[in-house]
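Engineer: Encoded as C-alpha cells, here's the structure I'll be asking about.
There are 2 protein chains.
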Amino acid sequence: MKKITIADVAKQAEVSKSTVSQYLNKRYDYMGEKTKKRIQKAIEELGYQPNFVARSLKQKSTKTIGVIVANILHNFTTEVTRAIEDACHGADFHTIICNADDDPVKEKHYIEMLRAKQVDGLIIFPTGDNRDLYQQMLDASYPVVFLDRKVEEMPVTAVMLDNERAAELAVDHFAEKGYERVSLMTTSIFNHVTPRMERIEGYRSALRKNGLAVEEEYIVSADQDEMQEALEKLLQTEQPPEAILAGNDLVLIEVLKYVKHKGLRVPEDLAIIGIDDVSFASFYTPSITTVAQPTFKMGRMGAELLLDKIDKKDKQMSPFYRFEPKLMVRDSV
Amino acid sequence: MKKITIADVAKQAEVSKSTVSQYLNKRYDYMGEKTKKRIQKAIEELGYQPNFVARSLKQKSTKTIGVIVANILHNFTTEVTRAIEDACHGADFHTIICNADDDPVKEKHYIEMLRAKQVDGLIIFPTGDNRDLYQQMLDASYPVVFLDRKVEEMPVTAVMLDNERAAELAVDHFAEKGYERVSLMTTSIFNHVTPRMERIEGYRSALRKNGLAVEEEYIVSADQDEMQEALEKLLQTEQPPEAILAGNDLVLIEVLKYVKHKGLRVPEDLAIIGIDDVSFASFYTPSITTVAQPTFKMGRMGAELLLDKIDKKDKQMSPFYRFEPKLMVRDSV
DNA sequence: CTGAAAGCGCTTACAG
DNA sequence: CTGAAAGCGCTTACAG
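Protein sequence lines correspond, in order, to chains Z and S.
Going by the UniProt record's numbering, the first residue of the first sequence is number 1, and it counts up by one from there.
Going by the UniProt record's numbering, the first residue of the second sequence is number 1, and it counts up by one from there.
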C-alpha cells in the first residue's frame, strides 16, 4: 500500500499542493469555501495522514523534547518524568525519555543522538561529567533545562529541591522528638551530585542549630549493593545512632530491609525518616515519616521553562528555581 | 550560529556531498584513504552533526518506535516499558512512551500522532476500543505488537501473561494453606480488559478444581476510588472471605490501606496474595506473597517481536505469546 | 483567492 | 574512486 502524500490530495481535489498545505495549517484567510470542502473531501477519501517528518525538516521543529534522566530507578525521577510528559502533552509536544544510568558516557551518547534527531530542547538530570557538551549547548543557545541537579559554574536554568531545607526538616523533627544521635545515609557521592551534597550540608547545619554534635561516622555514603554492610557497620558500634535519615528512596528501602532482617522495632530501636515520599509510606507498618518533594510541580516547571525557551519567551530567566520540601509526619519517628 | 550541513563539510573537504554521505554511512568500499581523512578532518573542524530528520525523510525510517500504554500507574507497565526501552536502545532505536490513561480517545490521538511522526512501529497496551484503527494498521501491514492485552478477533501479535495460571497459583496456595473462602478483587472490568477477565476465569476454575465453592459476591470489581467502600461491604457480610486475591498492584495497595486502617492482622484476620510483585512486598510487615509477572522478559519479547517485524524478519509469527507467572511465597498467607 | 518554484538536509542510483 | 542530479514530503515567499 503506497503512502498517500500531499500531492495525491492535491490531484484528487484539483488544487495545488500549496493550497492543500495552507488548508492543513489552517491558513484559511482567503480560501474559498468550496476549495476547503474539496480538500477536506479528498483527505477523507484518501485517508491522508500528513508526514510530520517532512514538515519537521522544513520547519526545523520536531515538536519533541528529550529528557535524559540520571537514574530512572528513583521514584522521584519517575514522577517528575510523568509530570514533564503531562505538561508537554498539553503543549502538543512529545517526549523521548532516556536513562543515562548515572553514566556520563551514556549521557553523552543520548545528548548527541537526541540532538541529531533534532529534538527542540532537552531536560537533563545531569551526571555532571559532560561539561564541554553542556557548554557547547549553552554557546549555541540550544534550549536546555537541568532538573534535580545543577553543574558548578554552569549558568543553565535548573529546577531543584531546597535540599538543605529538606534535611533540616528531618533533623528538626528528630530533635523535637528527643533524638540526639542521628545518622544520614546517602547513595554514592562520588560525582558530587548536587542533592546529596546539599542534603549533607543541610544535615550538618541543622544538627548544629539544634545543639547536637556532628559525628562524622554517622554520615555514610555507599552504593546500593554495599548498603547492608554499611548499615551493619554503622549500627554495631559502641554508640550507634538512634535515628537514620535516609537520603533518598533507594536508601530508605535498604534501611527497611535491614530493619526487617534484624527484627528491629521502629521507632523504638531505630527511628527513620526518608527523603522522597514513597508510595508505601502511608500504609507501611509503621507508617513512614518522609520529606516529600513536590515532584509534580517540579516536573511541570521544568517542562514549562523549557517550552518557554523553545518558544523564545525566554527573557533572561533566573537560573535556579528552588522548591520547598514538606515533612509528612507519620509513625516511624 | 548557523547549522552545519553536509554541504559545508563537502566544501571544506573539497569533495561532493555524495562522498560525505557515503563516508557517514560507512560505505568505504572504494573510498580513498586521503578522502576519508579529509572528510574526517572537516567534520571535526566544523563540529558537524548529521541531521537525522533529513535522513529519516529519505530513508523512511525514524529508528523510533512508539509505546502506548493503557495506564502508566501500574507498576507492571513501568517495568515492561523499561525493558522495552532497554531492548530498543540495544538496537539503536528510541522509544516514545504515551499514556492513554485507559481512554480510547487519547489512545486514538496518540496512534495518529505517532504515525504522523513516522515511528517505525507501535507497541500498544490496547484499550480495546479502537478496533477500526487497529484493523487499519493491520491492513497496511504496519508493525504493531500488543502487550498485556489482546483484542478479540484481532490477529495482532500479543505478549501476555498466562493470566489464568496466575490466578490458579494464588488460589492453589490459599487452598493448600487451608483457606476456603477466597475473594478476588480487580479494578474495573468495564472494557473487558483481557487480564482481568482471564484472572477471574482462572480464579473460578481453580476454586472448582480445589473443591471450593464459587461465591459470586466474592468476585468484586471496582474503580480505585470505590475500593475502600467495596472492601467494607465485602468484609462486613455474614460470611466474609478469609482471604483476598488482589488482582493487581493498585488493588493490593487499597487492600493494605484498608487492613491498616481497620487494624486487621495479616494473615490471621485476612490472608492476602497480590498479582504483581510490587517493590515493597519483600520488606513489608508481614512480607506479601505475590504472583510475579516476568515483566522484563515480556517487555524484551515485545520489543524484539516489533523490531523483527520492522526488519521484515517477521515470517508469520504465532499471534500470542504467553508468559509463566511465578508464586513468590512470603508471610501474608 | 491559488499556483509554480525553491528549498529544508539528507541518500542513492547512475554515469564516468 | 567520485560527483551531478533527482527525490523524500512537506512549507513558504512571491507572483499573478
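A virtual CB, placed ideally from N, CA and C, is assigned to each residue, including glycine.
By the three-class DSSP mapping on this structure, what secondary structure does Z/Ile43 have?
Structural biologist: Helix.
Engineer: On the DSSP bridge list, what partners appear for S/Ser183?
Structural biologist: In DSSP, S/Ser183 forms a bridge with S/Ile244.
Engineer: Quick one, which residues of the UniProt domain "HTH lacI-type" (4-59) of chain Z are near chain S if we go by CB-CB under 7 Å, in chain order?
Structural biologist: Within the UniProt domain "HTH lacI-type" (4-59) of chain Z, the qualifying residues are Gln49, Pro50, Asn51, Phe52, Val53, Ala54, Ser56 and Leu57.
Engineer: Taking C-beta pairs closer than 7 Å, name the residues in chain S that Z/Gln118 reaches, listed in chain order.
Structural biologist: What Z/Gln118 touches in chain S: Asn51, Phe52 and Val53.
Engineer: Cα-Cα, which of S/Tyr110, S/Leu252 and S/Asp331 is closest to S/Asn130?
Structural biologist: Comparing Cα-Cα distances from S/Asn130 to each of S/Tyr110, S/Leu252 and S/Asp331, the minimum goes to S/Tyr110.
Engineer: Given that a residue counts as buried once 16 or more other Cβ atoms are within 10 Å of its Cβ, and exposed if not, what is S/Asn25?
Structural biologist: Counting Cβ neighbours within 10 Å, S/Asn25 comes out exposed, since fewer than 16 surround it.
Engineer: Measuring CA to CA, which of S/Ala167, S/Glu226, S/Val144 and S/Ala166 is closest to S/Val156?
Structural biologist: Answer by Cα proximity: S/Val144.
Engineer: Taking Cβ positions only, does Z/Arg131 come closer than 8 Å to chain S?
Structural biologist: No, no contact with chain S.
Engineer: Measuring straight from C-alpha to C-alpha, what distance separates S/Asp102 and S/Ala271?
Structural biologist: Approximately 30 Å between the Cα atoms of the pair.
Engineer: At 7 Å on the CB atoms, spell out the chain Z contacts of S/Ile97, in chain order.
Structural biologist: Result: Ile97.
Engineer: Ends of the beta strand (DSSP E) at S/Ile65?
Structural biologist: Residues Thr64 to Val69.
Engineer: For Z/Ala230, collect the residues of the same chain with a Cβ closer than 6 Å to its Cβ; drop the 5 residues on either side in sequence, then sort them by chain order.
Structural biologist: Correct list, in chain order: Val220 and Ala222.
Engineer: Can you list the residues of chain Z that S/Ile84 reaches, using a CB-CB cut of under 8 Å?
Structural biologist: Residues of chain Z passing the Cβ test: none, with the nearest at roughly 11 Å.
Engineer: Would you mind telling me which residues of chain S sit closer than 9 Å to Z/Lys260, beta carbon to beta carbon, in chain order?
Structural biologist: Residues of chain S passing the Cβ test: Ser282, Phe283, Tyr284, Thr285 and Ser287.
Engineer: Where DSSP assigns a beta bridge to Z/Ser221, which residues make up the other side?
Structural biologist: Paired residue(s): Z/Thr186.
Engineer: Name the residue from Z/Asn71, Z/Val69, Z/Val20 and Z/Asp148 whose alpha carbon lies nearest to the alpha carbon of Z/Gln293.
Structural biologist: The shortest Cα separation from Z/Gln293 among Z/Asn71, Z/Val69, Z/Val20 and Z/Asp148 belongs to Z/Asp148.
Engineer: Which residue or residues does DSSP assign as beta-bridge partners of Z/His94?
Structural biologist: According to DSSP, which records beta bridges pairwise, Z/His94 is partnered with Z/Thr64.
Engineer: Which residue's Cα is closest to the Cα of S/Gly66: S/Lys34, S/Ala116, S/Glu33 and S/Glu44?
Structural biologist: For the residues S/Lys34, S/Ala116, S/Glu33 and S/Glu44, the minimum Cα distance to S/Gly66 belongs to S/Ala116.
Engineer: So S/Leu234 is in the alpha helix (DSSP H); what residue range does that whole segment cover?
Structural biologist: Met227 to Leu235 is the extent of the alpha helix (DSSP H) around S/Leu234.
Engineer: Cβ of S/Val214 within 8 Å of Cβ of S/Arg199?
Structural biologist: Result no, Cβ atoms of S/Val214 and S/Arg199 do not sit closer than 8 Å.
Engineer: Does the stretch 13-22 of chain S come close enough to the stretch 33-45 of chain S that 3 or more CB-CB pairs lie under 8 Å?
Structural biologist: Yes, the stretch 33-45 of chain S touches the stretch 13-22 of chain S.
Engineer: Which complete beta strand (DSSP E) runs does the stretch 280-311 of chain Z hold, if anything under 3 residues is left out?
Structural biologist: DSSP runs (the beta strand (DSSP E)) wholly in the stretch 280-311 of chain Z: 289-292.
Engineer: Please report the straight-line C-alpha distance between S/His173 and Z/Lys60, rounded to a whole angstrom.
Structural biologist: S/His173 and Z/Lys60: Cα-Cα distance of roughly 59 Å.
Engineer: Can you give the beta carbon distance from Z/Ala167 to Z/Gly202, rounded, assuming they're within the 8 Å contact cut?
Structural biologist: Going by Cβ atoms, the distance from Z/Ala167 to Z/Gly202 rounds to 3 Å, so yes, they are a contact pair.
Engineer: Any Cβ of chain S within less than 8 Å of the Cβ of Z/His192?
Structural biologist: Cβ-Cβ to chain S under 8 Å: no for Z/His192.
Engineer: What in chain S is Cβ-close to Z/Lys257, meaning under 7 Å?
Structural biologist: Ordered by position in chain S, the residues that pass the 7 Å Cβ test against Z/Lys257 are Phe283.
Engineer: Could you list which residues in chain Z have their beta carbon closer than 7 Å to that of S/Thr62, in chain order?
Structural biologist: What S/Thr62 touches in chain Z: Val53.
Engineer: Going by C-alpha distance, which of Z/Asn191, Z/Asp132, Z/Leu327 and Z/Arg300 is nearest Z/His89?
Structural biologist: Cα-wise, what sits closest to Z/His89 is Z/Arg300.
Engineer: Counting only beta-carbon atoms, is Z/His74 nearer than 8 Å to chain S?
Structural biologist: Not an interface residue.
Engineer: Tell me which same chain residues have a C-beta within less than 6 Å of the C-beta of Z/Ala328, skipping the five on either side of it?
Structural biologist: Here the sequence assigns Met to residue 328 of chain Z, which means Ala is not the residue at that position. Cβ within range, chain order: Asp277, Thr290 and Ala292.
Engineer: By alpha-carbon positions, which one of S/Lys63, S/Gly263, S/Thr194 and S/Gly47 ends up nearest to S/Asp120?
Structural biologist: With distances taken between Cα atoms, S/Asp120 lies closest to S/Lys63.
Engineer: Let me check one thing: in DSSP terms, what residues is Z/Ile123 bridge-paired to?
Structural biologist: In DSSP, Z/Ile123 forms a bridge with Z/Val67 and Z/Val145.
Engineer: Are the CB atoms of Z/Ile68 and Z/Leu122 nearer to each other than 8 Å?
Structural biologist: Yes, these two residues count as a Cβ contact at 8 Å.
Engineer: Give me the DSSP bridge partner(s) of S/Lys326.
Structural biologist: DSSP output for S/Lys326 lists S/Ala292 as bridge partner(s).
Engineer: Within 8 Å of any Cβ in chain Z, is that where the Cβ of S/Thr78 sits?
Structural biologist: Closer than 8 Å: yes.
Engineer: For a test of the three-state rule: what should DSSP assign to S/Leu161, helix, strand or coil?
Structural biologist: Strand at S/Leu161.
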